[in-house]
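>
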Amino acid sequence: MTDDMRIAALEGRLRKLEDEAAIAALIASYGPLVDAGDADGTAALWAEDGSYDVEGWRMSSREDVRAMVLSGSHQEIITGGSCHFLGPAHVTVDGDEAIAVCDSILVRRRDDGFVIERAGVSHFQLRRLPEGWRIAHRKTRLLDGSVEARTLLVEGVRGRPV
Amino acid sequence: MTDDMRIAALEGRLRKLEDEAAIAALIASYGPLVDAGDADGTAALWAEDGSYDVEGWRMSSREDVRAMVLSGSHQEIITGGSCHFLGPAHVTVDGDEAIAVCDSILVRRRDDGFVIERAGVSHFQLRRLPEGWRIAHRKTRLLDGSVEARTLLVEGVRGRPV
Amino acid sequence: MTDDMRIAALEGRLRKLEDEAAIAALIASYGPLVDAGDADGTAALWAEDGSYDVEGWRMSSREDVRAMVLSGSHQEIITGGSCHFLGPAHVTVDGDEAIAVCDSILVRRRDDGFVIERAGVSHFQLRRLPEGWRIAHRKTRLLDGSVEARTLLVEGVRGRPV
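Structure, rendered in structure tokens:
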């Protein structure tokens, strides 16, 4: 192989790792931002027309995500002490699209400690935009043994959309 | 340094990062696959003759892992709603062998929320096979303050087998 | 671009990924080491004059961290069975300095299972030393909805010191 070919191969492999790391970092910032009540910061993780489908909420824009963070129900959660604890994301990049999946638990403060209110799975479809990777669609379901939750888990690991 | 030497150095460093990322991804897929009851997908994380030693189970092949996922006791756990929540893995690669360690909690659904049934440490020995990194040995112990659990934690971080 | 320029660009990008991975690995080793009671190993994650500010403790050297691990209160926690479970770190590298943030929960064994005693946020300032990345300052606060905790979360994601 010529130097040129070896350098081009390295550029492609490095780009893949950078993409995976950028997406993992994006997802790792969700919990801190949403627990801090940073509505603009949380919304900016999504594409302008990105969606977030979670039990009880159907958001279909950055503005909807912003409104969720500012809502009375979310403010009540974070004011009382909360940890939206997301696990390590499994990321599959395909050009300018990507799929990621992770588990998460919602930990809330009670009088005598903390309790887990929810355990869920989040399936992400992401897009490379000029400003970087952003969430195009996120679907979160309770881990309650349902077929829907299992589908998010498996398709997420397989790197397939849902 | 010549261009050739610089390129070779980059190739080696990149390979190390790719190996670490592949192993982290493999481990990050365990929870989703096992909670989904994907017996074949879970088993495929192991080498054909890989082992998994966890309280109550001694598995010594891919087929044994598959049987564990399909077992009545595992099916009862996941049907009721479960999250095998694994933390970020600490990975040490040495050629075609690697050691990884991570914490994990088993979160299960109860009538009024979720509880942590177990908190444990998992120590992994991995091998590079033609199809990619696979688990050669996994040993999981309850974090109960025992010497055995402490050994898995420390040797895991040091990158040493147990 | 000449080959030389392309190689130099790759070297810089790879170095950034290596730095992020090294810091993530450093943070991922804290939980295992501190739950194992490895006082020297835990202390070695800090710079010699590094600090750790957590409710109830103000440590300002490696020796102070070591003393915390060996203290009666920490030994009581780990002897009874504990999991200092840290989430994936969000890391921002700037030359020889870096900022990282992650959530964590302290899981402790009780008679009939495990409970979450604390959920917190940790904000890290790190420095590149001859021996590798080390913690210069770590500040950990309970996720209780306070302004202080929110500041750690947001500044951590923004890659800013506190």
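Protein chains in written order, with our numbering: chain R, 368 to 529; chain D, 368 to 529; chain P, 368 to 529. Heads up, the beta-carbon is just placed ideally off N, CA and C, and yes, glycines get one too. The structure presented is a predicted model; accordingly, all values stated were derived computationally and were not measured.
Would you tell me roughly how many angstroms separate the C-alpha atoms of VAL421/R and ALA434/R, rounded to the nearest one?
Sequence index remark: in the first sequence, residue 421/R carries index 54 (1-based). Sequence index remark: in the first sequence, residue 434/R carries index 67 (1-based). Taking the straight line joining both Cα atoms gives about 14 angstroms.
> As an exercise, report each continuous alpha helix (DSSP H) stretch of at least 4 residues that is fully enclosed by the region 480 to 522 of chain P, in chain order.
As far as the region 480 to 522 of chain P is concerned, it has no whole alpha helix (DSSP H) run of at least 4 residues.
> Residues of chain P with CB under 8 angstroms from ALA395/R, in chain order?
Stepping through the first sequence from its first residue, residue 395/R is reached at position 28. Here the neighbours are GLY454, PRO455, ALA456, HIS457 and CYS469.
> Quick one, which of GLY454/R, TRP500/R, THR459/R and GLU385/R has its alpha-carbon nearest GLY487/R's?
Here residue 487/R refers to the residue found at position 120 of the first sequence. Nearest of GLY454/R, TRP500/R, THR459/R and GLU385/R to GLY487/R, Cα basis: GLY454/R.
> So which of ARG517/R, HIS451/R and SER438/R has the shortest CA-CA distance to GLY398/D?
For the purposes of this step, residue 398/D is identified with residue 31 of the second sequence, where counting begins at 1. Nearest option by C-alpha distance: ARG517/R.
> Would you say ASP479/D faces chain P, with C-beta separation under 7 angstroms as the test?
As a working mapping, residue 479/D is identified with position 112 in the second sequence. False, the Cβ-Cβ gap to chain P never drops below 7 angstroms.
> Using a Cβ-Cβ cutoff of less than 7 angstroms, which residues in the same chain neighbour SER471/P once the five nearest sequence positions on both sides are dropped?
What you label residue 471/P is simply residue 104 of the third sequence in a count that begins at 1. Excluding positions up to five away in sequence, the list reads HIS451, PHE452, LEU453, GLY454, GLY487 and SER489.
> Pull the bridge partners of HIS457/P from the DSSP assignment, please.
One-based indexing of the third sequence puts residue 457/P at position 90. According to DSSP, which records beta bridges pairwise, HIS457/P is partnered with VAL468/P.
> Looking at GLY348/P: is its Cβ nearer than 7 angstroms to the Cβ of ILE445/P?
For chain P, the structure presents residues 368 to 529; residue 348/P sits outside this window and is missing.
> So, is the C-beta of GLU515/P closer than 7 angstroms to a C-beta in chain R?
As a working mapping, residue 515/P is identified with position 148 in the third sequence. No - not a single Cβ of chain R is within 7 angstroms of the one on GLU515/P.
> So, do the region 376 to 393 of chain R and the region 488 to 502 of chain P have three or more beta carbon pairs nearer to each other than 8 angstroms?
Taking 8 angstroms as the limit for Cβ pairs, the verdict is that the region 488 to 502 of chain P does not touch the region 376 to 393 of chain R.
> Can you find a CB in chain D that lies within less than 7 angstroms of the CB of GLY379/P?
Position 12 of the third sequence, counting from 1, holds the residue named residue 379/P. No, its Cβ sits nowhere closer than 7 angstroms to a Cβ of chain D.
> Can you look up SER418/R in the DSSP assignment and give me helix, strand or coil?
By one-based count along the first sequence, residue 418/R stands at place 51. Residue state, collapsed to three classes: strand.
> What whole-angstrom Cβ distance do GLY448/P and LEU510/D have, given they're in contact under 8 angstroms?
For this step, residue 448/P is matched to residue 81 along the third sequence. For this step, residue 510/D is matched to residue 143 along the second sequence. The Cβ separation is near 5 angstroms, so the contact holds.
> Between the Cα of LYS506/D and the Cα atoms of TRP500/D, GLY499/D and GLU515/D, which residue gives the shortest distance?
As a first step, residue 506/D is located in the second sequence; it is residue number 139 there, counting from the start. Ranking TRP500/D, GLY499/D and GLU515/D by Cα distance to LYS506/D puts GLU515/D first.
> Compute the Euclidean distance between the alpha carbons of PRO528/D and GLY462/D, then round it to the nearest angstrom.
Reading the second sequence from its first residue, position 161 is the one you call residue 528/D. Reading the second sequence from its first residue, position 95 is the one you call residue 462/D. Approximately 14 angstroms, taken between the alpha carbons.
> Pick from SER428/D, HIS504/D, VAL436/D and THR369/D: whose alpha carbon is nearest that of GLU467/D?
For the purposes of this step, residue 467/D is taken as residue 100 along the second sequence, with counting starting at 1. With the sequence shown as reference, residue 467/D is identified as Ala, and Glu is not the correct amino acid for it. The option with the nearest alpha carbon to ALA467/D is HIS504/D.
> Cβ closer than 8 angstroms: which chain P residues qualify as neighbours of ILE374/R?
By one-based count along the first sequence, residue 374/R stands at place 7. Within chain P, the residues near ILE374/R are ASP370, ARG373, ILE374 and LEU377.
> Ignore the nearest five residues each way along the sequence and tell me which others in GLU484/P's own chain have a CB closer than 6 angstroms to its CB.
Numbered from 1 along the third sequence, position 117 holds the residue referred to as residue 484/P. Answer for GLU484/P: LEU473 and ARG475, listed in chain order.
> So, ASP370/D versus ASP370/P, is the Cβ gap smaller than 7 angstroms?
As a first step, residue 370/D is located in the second sequence; it is residue number 3 there, counting from the start. As a first step, residue 370/P is located in the third sequence; it is residue number 3 there, counting from the start. Cβ distance < 7 angstroms, so ASP370/D and ASP370/P count as in contact.
> Where in the region 378 to 423 of chain R do unbroken runs of the beta strand (DSSP E), each at least 3 residues long, occur, reported from the N-terminal end onward?
Segments of the beta strand (DSSP E) lying fully in the region 378 to 423 of chain R: 413 to 421.
> Taking 7 angstroms as the CB-CB cut-off, is GLY447/D touching chain R?
On the second sequence, position 80 is the one that residue 447/D refers to. Cβ-Cβ to chain R under 7 angstroms: yes for GLY447/D.
> Just checking: is the beta-carbon of PRO528/D within a distance shorter than 7 angstroms of some beta-carbon in chain R?
Working through the second sequence from its first residue, we reach residue 528/D at position 161. Taking Cβ atoms only, chain R never reaches closer than 7 angstroms to PRO528/D, which makes this a no.
> Listed in chain order, which residues of the region 494 to 524 of chain R have Cβ atoms closer than 9 angstroms to some Cβ of chain D?
Answer set for the region 494 to 524 of chain R: LEU509, LEU510, ASP511, GLY512, SER513, ALA516, ARG517, THR518, LEU519, LEU520, VAL521, GLY523 and VAL524.
> Note down the Cα distance separating HIS457/R from LEU377/P, rounded to an integer number of angstroms.
For the purposes of this step, residue 457/R is taken as residue 90 along the first sequence, with counting starting at 1. For the purposes of this step, residue 377/P is taken as residue 10 along the third sequence, with counting starting at 1. Going by the C-alpha atoms only, they are around 25 angstroms apart.
> Check ARG477/P in the structure and name its three-state DSSP category.
Residue 477/P sits at position 110 when you count from the first residue of the third sequence. ARG477/P: strand per DSSP, three-state reduction.
> When you compare only the Cα positions, how much space is there between LEU437/R and ALA406/R?
Position 70 of the first sequence, counting from 1, holds the residue named residue 437/R. Position 39 of the first sequence, counting from 1, holds the residue named residue 406/R. Answer to the nearest angstrom: the Cα atoms are 6 angstroms apart.
> Identify each residue in the region 399 to 421 of chain R for which the Cβ-Cβ distance to at least one residue of chain P is less than 8 angstroms, and report them in chain order.
Listed in sequence order: PRO399, LEU400, ASP402, ALA403, GLY404, ASP405 and GLY408.
> Could I get the ranges of all uninterrupted beta strand (DSSP E) runs contained in the region 428 to 458 of chain R, with 3 residues as the minimum, in chain order?
449 to 453, all fully within the region 428 to 458 of chain R.
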